[in-house]
Amino acid sequence: MAIRTDFLVIGSGIGGLSYALKVSDFGSVVVVTKKEDSESNTNYAQGGIASVVSPEDSFEAHIDDTLKAGDGLCKPEVVKKVIKSGPKYIEELVKVGVNFTRDKNGGFDLGREGGHSKKRVVHVQDFTGRELENALLRAVKSKKNIQIYENHTAIDLITQRCIKDYNFGSKEKIKCFGAYILDIDKNKIETFTSKITLLATGGAGRVYLHTTNPQIATGDGVAMAYRAGAKIANMEFIQFHPTSLYHPFGESFLISEAVRGEGGKLKLRNGKTFMDKYHPLKELAARDVVARAIDSELKKSGDFCVFLDITHLNSDFVKKRFPNIYNKCLTLGIDITKEWIPVVPAAHYMCGGILTYLDGTTDIKNLFACGEVSMTGMHGANRLASNSLLEAIAFADFSAKSSIEQFKKEKGKEFPQVKGRETKGKFDKKEWVIISHDKKEIQNFMWDYVGIVRSDRRLKKAESRIRILLKEIEEFFHLNPVKEEVVELRNIATTAELIILSALSRKESRGLHYNVDHPERDEVKWKKDTIIQKNEGLS
Ligand code: FAD
Ligand code: SIN
């Protein structure tokens, strides 16, 4: 079956849904998403959205905090535009029905997180993401022009080298016409052609053994865009959240930074605090500092985890402010009002991604990107807490505006004839049993060799292993009928390779990238983005 639409949106998190709402007055919109519509990183966001909404705060202070966290690699024009538009997007979310927690005067109740000089995180208790996702889905479902396809996994972008039809001088530019999508229930590849395509597929936490991200976060968008020829930037900057719940029987679960914002203290098993040795802001230092401090303490003690203590806070306050965290921990036998919470760092956020310009465009014509899959220059070498939901909603808007303009130019043009793809032959189950183990292997060596603290030797080891695995996974993918697990494994492997190559090339330590063989920041050679493009290599 071939489906045609004006706007194809891949991903149903905050980025994809906000964009779909904005373009839907101008043409037909199809949103494809690989699981149920709400399953996304967005759905699990806890802390909230950073925005200047209090008279005690200022845009300058938020901009300054963001630039400091980004460690010299943020694009100031992007940071300024996003932060100054923040209050407008918070109001838009209120209008679509997000019920933000209010203080006793009816203003927004504001949380504090690491690296912020003020309380500025607008939130819905500690389940902000679920509220955002539900409100946006309700709004999207009320629009006749938008159709959502659940259980549809994008495999690859449909592109065509297009010489005549481009606007940017004499260099050939690749053009996107939609995507090949696997209908999981029917186990069939469908061709979705579109005038405009948006990638909003989120992050890649599942490339690592320990992560706060749900199963969907397998780097699909970055891998698809890379294969299609887009520029991919700054993939070495993977953010590790300092406090993921450590529990042998629990799926990974985040303990929000807002818990430290309310006074939570990090402690060793013997009850001693340690953050004062690492930074004057202690528990509220930027994430890279706190994650490295915990990593260093764990290496010294040999323990599996450190502890977060909020037992000194009023227990009614804790239950009201953090109901999600309180209930989750209670199901695992930990009453956080009386007991310390065992925590470890875990892969949390991909600061790099598809190189995306201020209008949401990418290096592929008619392909736009927003949210975690993109690298816009907002986060630089280290994202400031709660700036990603803000960036995603802002870039959904910027992309929507330029997509609508581009759509008007494409409107009269015919849809291209795109050859379908078939799932032929018999799936080699026995071979898959062996190849499927590659996933754990990649996750393990990414954790050990390309984690919080890196070295040239470890990165080289990771490089030689990913080369071998990627080759056998690609081969299996091309020889067998397509299955979702194979698509995801292929994307995990490609994303891992991009992270390793970027990390190997950056011969300095900056922000989230810390290499013991190059422990200093190099302002002369390395105050720049790492860019990789297929067939062009690194620059
Ligand atoms: P997502 O919300 O991840 O959505 C991606 C969508 O793409 C999903 O629907 C997915 O199913 C779909 N998809 C992926 N691949 C494919 C494919 N091949 N085909 C079809 N569909 C596909 N940020 C903050 O600013 N504040 C917070 O408080 C905060 N808390 C967080 C807590 C947790 C536990 C986590 C994991 C992240 C948190 N973040 C927070 C980060 C933030 O939630 C994400 O960066 C943001 O939600 C990303 O939005 P997105 O729209 O880009 O992607
Ligand atoms: C958190 O609540 O700690 C997550 C915030 C974020 O990732 O921005």
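To get the working numbering, take the position in the sequence shown, counting from 1, and add 1336. Heads up, the beta-carbon is just placed ideally off N, CA and C, and yes, glycines get one too.
- Using a Cβ-Cβ distance cut-off of 8 Å, the segment 1717-1735 and the segment 1349-1366 are in contact, since at least three pairs of beta carbons, one from each stretch, lie closer than that value.
- R1340 sits in a strand when the DSSP states are folded into three classes.
- Residue pairing by DSSP places G1873 opposite Q1869 in a beta bridge.
- In this structure, N1549 has its beta carbon less than 7 Å from a heavy atom of the ligand FAD.
- Taking 7 Å as the cut-off, one finds no heavy atom of the ligand SIN near enough to the beta carbon of G1599.
- A Cβ-Cβ contact shorter than 8 Å links V1365 with T1341.
- Of the residues assessed, V1769 falls on the exposed side of the cut-off, its CB having fewer than 16 other CB atoms within 10 angstroms.
- Sequence-distant partners of E1593 (beyond 5 residues in either direction) whose C-beta falls short of 6 Å from its own C-beta, in its chain, are G1383, E1449, G1450, A1721.
- Look at G1443: its beta carbon is at least 7 Å from all of the heavy atoms in the ligand FAD.
- A1338 sits close to T1529, with the two beta carbons spaced by under 8 Å.
- Restricting attention to P1550, A1705, P1584, the CA atom closest to the CA of L1344 is found in A1705.
- Remark: the shortest separation between the CB of A1721 and any heavy atom of the ligand SIN falls under 7 Å.
- Within its own chain, the residues whose Cβ lies closer than 6 Å to the Cβ of A1566, once the five positions on either side in sequence are excluded, are I1690, T1698, D1699, I1700, listed in chain order.
- As a beta-bridge residue in DSSP terms, R1438 pairs with F1444.
- For A1594, the distance from the CB to the nearest heavy atom of the ligand SIN is below 7 Å.
- Annotation for E1750: no beta strand (DSSP E) segment contains it, and DSSP assigns it neither H nor E.
- With contacts defined as CB atoms closer than 8 Å, I1778 and A1832 qualify as a contacting pair.
- By a beta-carbon distance limit of 8 Å, A1717 contacts G1847. Their separation comes to about 2 Å.
- Within the DSSP bridge table, the entry for I1677 names L1644 as partners.
- Annotation for H1814: the continuous alpha helix (DSSP H) segment containing it runs 1792-1815.
- Listed in chain order, the non-local C-beta contacts of T1609 below 6 Å within the same chain comprise K1601, K1603, local neighbours out to five positions each way being set aside.
- Taken in chain order, the unbroken stretches of alpha helix (DSSP H) that lie wholly in the segment 1714-1747 and span 4 residues or more are 1724-1746.
- Per DSSP, the beta bridge partners of A1490 are I1517.
- In the three-state reduction of the DSSP assignment, F1704 falls in the strand class, which pools E and B.
- A distance below 8 Å separates the beta carbons of A1553 and N1377.
- Per DSSP, F1395 is one residue of the alpha helix (DSSP H) stretching across 1395-1405.
- S1390 is the residue among L1468, A1490, K1480, S1390 whose C-alpha sits nearest the C-alpha of N1441.
- As a beta-bridge residue in DSSP terms, Q1575 pairs with Y1685.
- The residue from L1409, P1817, M1611, L1473 with its alpha-carbon nearest to that of L1429 is L1473.
- The Cβ-Cβ distance between A1728 and G1433 does not fall below 8 Å.
- Rounded to whole angstroms, the Cβ separation of D1373 and I1484 is 5 Å, and the two are in contact under 8 Å.
- The criterion of a C-beta distance shorter than 8 Å is satisfied by I1399 and V1415.
- Looking from the CA of D1492, the closest CA among N1851, C1641, R1826 belongs to R1826.
- In this structure, G1586 has its CB at a distance of at least 7 Å from all heavy atoms of the ligand FAD.
- In the structure shown, T1548 falls within a coil segment according to DSSP collapsed to helix, strand and coil.
- Looking from the CA of D1462, the closest CA among D1774, E1633, C1641, N1435 belongs to N1435.
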